[in-house]
Structure formats: structure tokens, C-alpha cells
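No gaps in the numbering here: position 281 of the sequence shown is 1244 in my numbering, and each next residue is one more.
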Amino acid sequence: MIAEPARRGLEAEDPLAPCAGTAEFETVTSEPRSVLITGASGFVGEHLVRRFADCPNLYVAYGSAKPRAPATAAYQVDLATRASFTRALEGLEVDLVVHAAALSSPDECEANPDLARAVNVEGTEEVALWAQSRRARFIYFSTDQVFDGRKGAYQETDRPCPVNTYGRSKLEAESLVAKHLSDWVVLRLALSYGATLGARADWTRRMRTALAEGKTLRLFTDQFRTPAYVEDAAEAVWRLATGRGAGLYHLGGAEKLSRYAFGLKIARAFGLPQERLIPVRMEEVPLPAPLVKDGSLVSRRISEELGLDLCDVSEGLERQKKQEQELARMITSKQDAGQGLG
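In C-alpha cells form, the structure reads like this:
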């Protein structure tokens, strides 16, 4: 069991108060032996499962699609249904819970606010209480969407002010994590990208598919993020799992850029036609959900405390290309082996 840090008195009633927590990072001599990852079939979740593959007891929870990666056991749960998680995992004991499951589409959350609350708020509270009953360390994935986007370059001490249902639901869940748990981390993750390990594609894959099919895409020139390479996020969680960093961390990439600039870098990196990317301003496009204009994050704390060298987009895309090539070779090799055995 990972040693438990003392409660830090962060049970703030104000859901908009910064979910603070500034304990220094320490190295713990033992790695967690029993880990549960929720949202394991999602884009980020699959990379987390891959990073924790050597854990002696790796358990995964998923919604609809069962993860392809091997695990000690897999549990299908519906976080929108109260007590589904608790019933499914009754009797399981773990040292660490990484909660990555969420209803993460701002448009879907805006259209279905009750579902967003059931999954992102009430579902997270259920998982948090389950983890606390086992005195497990808890790492919760939140989002850069908890800010209003008026200033950008947000630090952990900045006051959140979400502008959409998704951001509000994630922020409320942050406060519940701090309220119910004695050993917790909230990790606000920026827009993430990287190789697709399973069925769930990231934004870069969807954009590349559209361009390859000859479609044009309108991308915002005035919406800014700090895109995070997903392998950096998985590595950060691993280091947090094997250490004692506590409280709130921001995790974005080393580079702030607009959606349009990000799109151009993707097109160049993968040899796709840049002329099919159309620059537009946010005001020109009707939006189902309000968007954060500048959600860029400052990730100095996590970088310094964990010794994590966060990459910029150009480096991240090169790493993504190499990983996709390696995955393609592995698939081809397995197919050839299967044909030979047949």
C-alpha cells in the first residue's frame, strides 16, 4: 500500500475555489502492486493501461468497448447508473485508482446536462468513495475546460470559472475528490493527442482521416490550447503513482497554439494537404456548447516536481509517427504469424 499523506484540509464548500494542494513531490520506494484504471477503453485510458502493463495486479473498468490490452480483470460499469460501479467491483482491493472515465464531449454534455452530471459528478463521487474506503491513492483526470479562457496561461492557483456544462461538471467533481479523499491528485489535462491504440481515435487521427478523404476543415485561429502528448500524460500518472505528489497539477504541452496552427503542424507532419484547412474565427461558427477561447495551461509544477520534460507539438507528432509505425509493424508481424500457423 502506498503511504498516505495527511489530509490537507481542502474541503472547500466553494466549487469555484482553486482545488489547491502544494505538497512537495517525494519518491516512494515501492510501486503500487494493485491498480484500477477507469475509462480504460478511451483514448487516454488505453495509454494508461499500456504504461501500467507491468503492474502485478492491473484491473480495468470500461463502459461499452472492452479494452484490448491484457489486464488481471476487466469490469464493465455504467457510471450513469448509481451504484453500478460499487456493485461491479465489490470485494476488489487496490492500492491506486486512476479515474479517467468521463463524458468528455462538451457538445454532448451541453445537450445532455443530466447525463453529464450523472457520469462526471455523481459517478466520480461514487468511485472516490469506493477508493477512500480502501485507503487507495486516487488520481483524477480533470480538464483545462474549468477556466473561462479570458486570459490563458492558467496556473493551479488561478480561480476556475467554467463556461460550459462539461467544465462545470468536472470542476464540481474536483471539489468532491478533495472532500472525500485523504490521498488524492487532480490532474487537469489539456487537449491530448498521440497514436491510436484501439478504436477510440484522438483529434489528430480524425483530422487526418478527413483530409485523406478529401474533406475541408474549418479550424479556429483564435482558440488556443497547450496540446499534451498522451504518452507524457501516461508517464506523469506513473510518476505520481510511484511518488507522493499531492493536490492539483496542470498538464499541458510545452507549446501554446491555435487549433488552426495545430492543424497545420499535423498536416505537415503527415504529408497531408494544408490547403484543405480553412482558417476561421470562433464567432463565424455556430457552436452547440460555449468554448474556452484560451485554455492554455502552465505546467511548471508537474514538470519540476516529477522531472518530466513535456514536449512541444512538433516533437510529439514525431513520436506519434514512430509509435504508429511500430504498431503497424507489430500488427503485420502478428498477421503473418497467423497465416503461417494456418
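From the three backbone atoms N, C-alpha and C, an ideal C-beta is built for every residue, glycine too.
query, result
"With a cut-off of 8 Å, do at least 3 Cβ pairs link the segment 1062-1080 to the segment 1121-1140?", "yes"
"Would you kindly work out how many angstroms separate the C-alpha atoms of Ser1221 and Cys1018, rounded to a whole number?", "38 Å"
"Report yes if the C-beta distance between Pro1030 and Ala1037 is below 8 Å; otherwise report no.", "yes"
"With 16 other CB atoms within 10 Å as the buried threshold, where does Gly1270 fall?", "exposed"
"Should Arg1244 be labelled buried (16 or more other beta-carbon atoms within 10 Å of its own) or exposed?", "exposed"
"Suppose the cutoff is 6 Å on Cβ atoms and the five residues either side in sequence are ignored; what does the same chain contact list for Asp1111 look like?", "Cys1124, Val1126"
"Measure the alpha-carbon distance for Arg996 versus Leu1059 and round it to whole angstroms.", "8 Å"
"Give the DSSP bridge partners of Ile1102, in chain order.", "Val1061, Val1148"
"For Arg1181, which three-state DSSP category applies?", "strand"
"Are Thr1001 and Ala1064 touching if we call contact CB-CB under 8 Å?", "yes"
"Would Arg1181 pass as a contact of Val1276 if the rule is Cβ separation under 8 Å?", "no"
"In whole angstroms, what separates the C-alpha of Leu1240 from that of Gly1226?", "7 Å"
"Is the number of C-beta pairs between the segment 1254-1272 and the segment 1208-1218 that are closer than 8 Å three or more?", "yes"
"Rounded to the nearest angstrom, what separates Tyr1117 and Gly1258 at their Cα positions?", "7 Å"
"Would DSSP call Ser1296 helix, strand or coil?", "helix"
"So, with DSSP's three-state summary, where would you put Arg1168?", "helix"
"Does DSSP classify Asn1020 as helix, strand or coil?", "strand"
"Can the beta-carbon of Ala1153 be found less than 8 Å from the beta-carbon of Ala1204?", "no"
"Thinking C-alpha only, which one of Ala1224, Arg1100, Leu1052 is nearest Phe1183?", "Ala1224"
"At which residues does the alpha helix (DSSP H) containing Ser1266 begin and terminate?", "1263-1269"
"What are the start and end residues of the beta strand (DSSP E) that includes Leu998?", "The amino acid occupying residue 998 in the given sequence is Val; Leu does not appear at that position. From DSSP, the beta strand (DSSP E) with Val998 extends over 997-1001."
"Measure the Cβ-Cβ separation of Leu1055 and Tyr1022 and say whether it is below 8 Å.", "yes"
"Contact defined as beta carbons within less than 8 Å: I believe Asp1195 pairs with Arg1151. What is the distance between those atoms, to the nearest angstrom?", "The Cβ separation is near 14 Å, so there is no contact."
"Would the segment 1137-1145 count as touching the segment 1154-1164 if we require 3 or more Cβ pairs under 8 Å?", "no"
"Let me confirm a value: Asp1165 is counted as buried when at least 16 other C-beta atoms fall within 10 Å, else exposed. Which label applies?", "buried"
"At the level of alpha carbons, what is the spacing between Leu1290 and Glu994?", "28 Å"
"Using DSSP with H/G/I as helix, E/B as strand and the rest coil, what is Ala1252?", "coil"
"Got a sec, what are the start and stop residues for the beta strand (DSSP E) Val1243 sits in?", "1240-1243"
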